[in-house]
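Residue numbers (the numbering used here): 1099 to 2342.
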């Protein structure tokens, strides 16, 4: 969307974008479609992948464009698939039909940067299966045995052409010929196949089948008909009335046996008779059918019986009877049916697994069948004859067959297939049951991979014993034994190409020395073979034990210890140690021990002290061969009186109100020690709630105070004696501080000393710090410390140093303490003397009240005196009131003048402020309301590439609410541009929408209802050059996603062209309308031009800070009503254009300045020929001021903003803000008497 919005805003960017697109590379095919063969109803995908695609991609079918959309409207089964970002536009055809059999091309249209490309042609070859074939043969009349008939079968609508084959009862017929013809639709073919059949008597009731198939079919489709063949005729009979029929005959039962589950079609035919005979069928005496047909032409009756043969029909008797009205008795023909049926199941029982050399016995059983089956046995390709066969009567007149086979197995027969085959000669049925023969035989070889038995091994080392076994069926199962006991932690058995292996990982111990490890291999053949080995293991002493000759010993006594080491291989050497000391004991002769090792014994005698208590005497049995030893220790228990540790602290520090913890590091044996604590010769008792002896090793004093400090004596006693120690407790506490003198008074320029005194423990260096609590930053004085006193000395004190200081004490114990010290700097009064303080404006018609305010800053107390034109004021006069308000160092005196008279009160009021250090004086003029004074100190605050921030100091407001206007100009502007500051009282303002790297000239002036001031700083011009715009880095875009398609480019170009034409037409019509309007307002314009020619080039206007007053520039609607353009080149630029005229050009781009409601004195005038402005009144002399040379402007004020309180008004006389009128009509006074008193031109 950002890209599109850029086009809409700037149509001129189109050529540049086209240039960018023109630099793209030539598009090309990465993959092209290929010929494809697909079955009907399947899904076909033609691939097309384009590199650097910039044009429109479409598919073409037989010359027809399918469209650029990926959904391909109008072709519901067609769609373009794939990732378009990767240039994939594959054509997918779902549920393929005949209409899809066509040629296809992938085409990429031409673009701004690339030529069009067309892929190679690909053909979709559709395979369609044939419809169900049908016969073209007349089967209504039966065939006659011995005659030849032509049978035609047609396989319609196939692609490619179908292949037709004929079968008679499953037997393929040869000699068929075929040809093709057009099908029901284009591209479809019909296959006509013909075969010549000679009717046989055995063909009666048999099936003739036509098969049709092509590559589109997995299995052929077929059609079937049943042949009806007559194969015998009766002798010619002379037809007479009421003759009996000939005996019936049964057609279709010429074979000896009938297969079960076959549909048997029999026909009973009776020739002759008048009337023709009636026929019916019976089976074993039960009626099957009583329907028949009569053929008068050939004088016969016939009845067809369709009978599905089952095994239960074996040896059943079928009978057909014929009879008519003259038959003396029914004539019949009977046939017994022999049904050939297969056994329902063939089962194989017995185990097919045996050990080598054993007899294998299996039984194969076939259920009832007719005729009975023959059972044969096969082992691999070899027939086994060691069988015994038994046959018994079965169901439905059949016979069951059971064969028992025995065979001695050998290992060479393992894995061969053992097959039981049951064959029925009558049905040509053959069924087999197969099992796999498994012959078990034992493993053939076993061996170990182990270290040599004569190489010594070290205990703790890891040894791998691997057992291998080959041969056997199945492969052997390996088991490890140690000294005849099964090892359970061996690894799992693994297999390799010739056998199996199992690994035993041992971490050697003493018990492995000369132990026998055996591996057994066995399997289902129940024969075990074994391999074994022994290990020689060297190990350190397996146990260590120390015994003492006495249980209790005191310091100074001797103790004898004896150390016995357990079995080791080889023999170990015993040594003794106590701490860092090493001893050599008395060693005794070694003895044989378990695991084939030896045991060693040694004794040691020691004289003990209290330092030996709880120490360990270590006995080590070390083997130099193994460079390893075994250790044990004996813990000494030495009785001695209490002793204090060298680490016992002699002094403990604690913070006040915390818990004091005095550790007591005392040792004794026995450990039951009783200690007494003394402080200042007084015994501490446990009953005191402040003392806690919950742990005898320390004393806890809760909520410790400074009184708890001092030396504590501790006496400890046990059964062996008594001892004592002295401990000092040092209680530290947080500081407290106070100022030695507060407040501190000092005269301006002298030296101030601020002192605070602290109470703290400990007293540390640099624990005093000073902080200034005022808002403005000041230079701090010199800080020093003398023991518990902190001092800050400030030289050459200034007024900025006056205020509150904070002395902070921190000795590292929280919380720090602080004390505030007030520094009072005494100085003589200083009056406020800004522009707003030197003048006061009020109407002199006796109806208003003026307030003359004088504000001074000084210490000590400041007193005021007032003079009017040099004479001391008499405040007994009811027209004058004085009130003084004091707030800290600020003192404000306000003189209220009631019913101001121009003759009596337009004067100079002198205010004098005094205290003990000096005085200051200010002259204040009371004048009539007038236009404001110019601002001052106009300066630049900041500048960017499109904005400038300006600042100034306002002048006297002329007694009315004033506002400010900024004028600026640059070399390409036709005239000055004006911006009204908002809010009106602001003294800082930002001009926006400027051009980068452009020089502008700025000025500012003030306006009120009486007029406007000169520009700031004696009409000085502030010249500022904007900065250069910072370039924004281009964000790289993906060609596949960033570039617009070519057709969108064409659409955008046409739309933008139309918009440009409409815009040009609108500008032309607007200029013509403006010229007509300029002709009708020419007179007013000429008058204004005459006035303008007399001026010095300055003009007045009101606008928001974001509007520019040039032709076709954006204009604020509210500001447009007072817009006056100062132009040297446009003749109609000084005309006030109506609000409705430019309403369509309002574009809010900054702060909106609404119109402001007028002051009660703000009466709008267009020309004052003889007005007097009382700018200066002194010593009773009134100076007549020349009429203003510039016409006052029209103003529109915002009725929603209240009047702002004048900066010079005293806070001692608060006034409620005036409610402004919502709507103000601009009026121009018509006569002199309508003007305010001070503007009537009368000199009082």
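The beta carbon of each residue, even a glycine, is placed where N, CA and C say it ideally should be.
Relative to residue 1506, the option among 1458, 1496 and 1974 whose CA is nearest is 1458.
Going by beta carbons, residue 1613 and residue 1580 fall inside the 7 Å limit. Residue 1376 sits away from residue 1404, with the two beta carbons spaced by 7 Å or more.
Its chain contains 2043 as the residues whose beta carbon lies nearer than 8 Å to that of residue 2128, once the 5 sequence neighbours on both sides are disregarded; these appear in chain order. If you compare the alpha carbons of 1869, 1204 and 1957 with that of residue 2018, the shortest gap goes to 1957.
Taking C-alpha positions only, residue 2030 is separated from residue 2052 by approximately 9 Å. Between residue 2156 and residue 1210, the alpha-carbon positions lie close to 22 Å from each other. Around the Cβ of residue 2111, a 10 Å sphere holds 16 or more other Cβ atoms; the residue is buried. Your pair residue 2062 and residue 2033 checks out as a contact, with CB atoms roughly 7 Å apart and the cut at 8 Å. For a cut-off of 8 Å, the C-beta gap from residue 1361 to residue 1406 is around 5 Å, short enough to register as a contact. Counting C-beta pairs with one atom in each stretch, the stretch 1744-1764 and the stretch 1823-1836 have three or more that are closer than 8 Å, which means they touch. Contact holds between the stretch 1892-1909 and the stretch 1876-1884, because three or more Cβ pairs, one in each stretch, are under 8 Å apart.
Per DSSP, residue 1618 is not a residue of any alpha helix (DSSP H); the beta strand (DSSP E) it occupies stretches across 1614-1620. In the DSSP assignment, residue 2116 falls outside any beta strand (DSSP E) and lies within the alpha helix (DSSP H) extending over 2114-2117. 1802 is the residue among 1782, 1767, 1774 and 1802 whose C-alpha sits nearest the C-alpha of residue 1759. Annotation for residue 1934: the continuous alpha helix (DSSP H) segment containing it runs 1933-1936. Residue 2003: member of the alpha helix (DSSP H) spanning 2000-2003, first to last residue. One Cα belongs to residue 1257, the other to residue 1293, and the distance between them is close to 23 Å. In the three-state reduction of the DSSP assignment, residue 1409 falls in the helix class, which pools H, G and I. In this structure, the alpha-carbon of residue 1480 lies about 16 Å from that of residue 1536. For the pair residue 1296 and residue 1483, the Cα-to-Cα distance works out to about 47 Å.
Here residue 1805 carries a helix assignment [DSSP, helix/strand/coil].
Residue state for residue 2149 is assigned as helix, using DSSP reduced to three classes.
A check of alpha carbon separations from residue 2108 across 1704, 1894 and 2026 identifies 2026 as the nearest.
The three-state reading of DSSP puts residue 2029 in coil, since its state is none of H, G, I, E or B.
In this structure, 1322 is the residue among 1230, 1380, 1322 and 1429 with its C-alpha nearest to the C-alpha of residue 1264.
The C-alpha of residue 2067 lies about 5 Å from the C-alpha of residue 2099. Across the set 1284, 1373 and 1301, the C-alpha of 1301 shows the shortest separation from the C-alpha of residue 1247.
The criterion of a C-beta distance shorter than 7 Å is not satisfied by residue 1917 and residue 1814.
Apart from sequence neighbours up to five positions away, the residues of its chain that approach residue 1864 with a beta-carbon distance below 8 Å are 1883, ordered along the chain. The alpha-carbon of residue 1595 is positioned some 19 Å away from that of residue 1589. Along the stretch 1701-1777, the beta strand (DSSP E) occurs as fully enclosed runs of 3 or more residues at 1714-1721, 1726-1733, 1736-1742, 1749-1753, 1758-1761, 1764-1767 and 1772-1777, listed in sequence order. For the pair of segments examined, the stretch 1901-1916 was found not to touch the stretch 1927-1934: the number of CB pairs separated by less than 8 Å stays below three. Distances from the alpha-carbon of residue 1132 to those of 1189, 1167 and 1174 put 1189 closest. In this chain, the beta strand (DSSP E) harbouring residue 1276 covers 1275-1280.
DSSP assignment within the stretch 1902-1957 yields the following whole beta strand (DSSP E) runs of 3 residues or more, N-terminal first: 1915-1929, 1937-1939 and 1948-1957.
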